[in-house]
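Below is one structure; the comments refer to it alone.
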Amino acid sequence: MHRLFRHVVVILLLAGMSAVAHAAASTAPGDDASAIRRVMADQQAAWNRGDVDGFMRGYKDAPDTTFVGSSVRKGYREILASYREHYATREQMGQLTFSDLDVRLLPGASGAVRYAAVTGRFHLDRKAHGSVAQDDGVYSLLWEKTPDGWKIILDHSS
C-alpha cells in the first residue's frame, strides 16, 4: 500500500509539472509578442485592402477604447465612424506600412502578462487625401489580452 501511494504521488507530481510547463509555454512572452505582431500585420493587410472594419478588429469593441490624435475619441463605434469619415475612399486610405515596431509586455504582480505597450511608426503611401493630410507619424498603443485575443484599448497616433 505504501508503495502504491508513492507511485500515485509521483504520477500526480509529474502530471502537475507537465500542466505547469504547458501553461507557461502557451503564454510565453514570445508568443504574446508574436500574437500582437500578427494582429498588426492583419490590420495592415485589411487597411491595404480598403477594409476599415477588418482594420478595426484589432481594437477592443468597448465604450472606453480611446484614440488620441488631433482630438480624443472614446468608444469603438466613434473611432470606427471617424476612420470611415476621414478615409472615405480607397484612394484616401492608400497603402499602410508599420515599422520600428517595439512590443513591451507588461506583467502584473502575479507575473501574468495582461497588457502590452507597443510603439512604432506608420506611413501611408497615397495620392489622395481626405480631411487627414498626414502620411507619416508615430504611435503608441496600449493592448489588453482579452478572451478574444490581444486588442488595442488606447491608440495615440501623431
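Counting from 7, one number per residue, gives the positions in the sequence shown under the numbering used here.
All C-beta atoms in this analysis are idealised placements derived from N, C-alpha and C, irrespective of residue type, glycine included.
When DSSP labels each residue in this structure, what does residue i get in the three-state scheme?
i: residue 140; result: coil
i: residue 129; result: strand
i: residue 208; result: In this structure the chain extends from 7 to 164, so residue 208 is not present and cannot be described.
i: residue 30; result: Below a pLDDT of 50, predicted positions are generally treated as unreliable, and residue 30, at 38, falls in that range; the measurement from the model is reported next regardless. Helix, per DSSP.
i: residue 96; result: helix
i: residue 163; result: strand
i: residue 81; result: coil
i: residue 37; result: helix
i: residue 70; result: coil
i: residue 114; result: coil
Out of the options, which has the shortest C-alpha to C-alpha gap to residue i?
i: residue 108; options: 119, 127, 120 and 116; result: 127
i: residue 97; options: 41, 149 and 58; result: 58
i: residue 161; options: 90, 119, 78 and 106; result: 78
i: residue 141; options: 68, 47, 70 and 92; result: 92
i: residue 67; options: 152, 163 and 125; result: 152
i: residue 130; options: 46, 44 and 53; result: 53
Apart from the five residues just before and just after residue i, which ones in its own chain have a Cβ nearer than 7 Å to its Cβ?
i: residue 90; result: 58
i: residue 114; result: 120
i: residue 41; result: 155 and 156
How big is the Cα-Cα spacing for residue i and residue j?
i: residue 111; j: residue 73; result: 20 Å
i: residue 56; j: residue 63; result: 14 Å
i: residue 117; j: residue 38; result: 14 Å
i: residue 101; j: residue 147; result: 20 Å
i: residue 103; j: residue 82; result: 22 Å
i: residue 124; j: residue 99; result: 22 Å
i: residue 44; j: residue 87; result: 24 Å
i: residue 163; j: residue 47; result: 17 Å
Taking 6 Å as the limit between beta carbons, can you name the residues of its chain near residue i, skipping five residues before and five after?
i: residue 80; result: 72
i: residue 49; result: 61 and 64
i: residue 85; result: 73 and 79
i: residue 69; result: 81
i: residue 159; result: 66, 71, 148 and 150
i: residue 75; result: 163
Residue i: buried (16+ other C-beta within 10 angstroms of its C-beta) or exposed?
i: residue 144; result: exposed
i: residue 134; result: exposed
i: residue 122; result: buried
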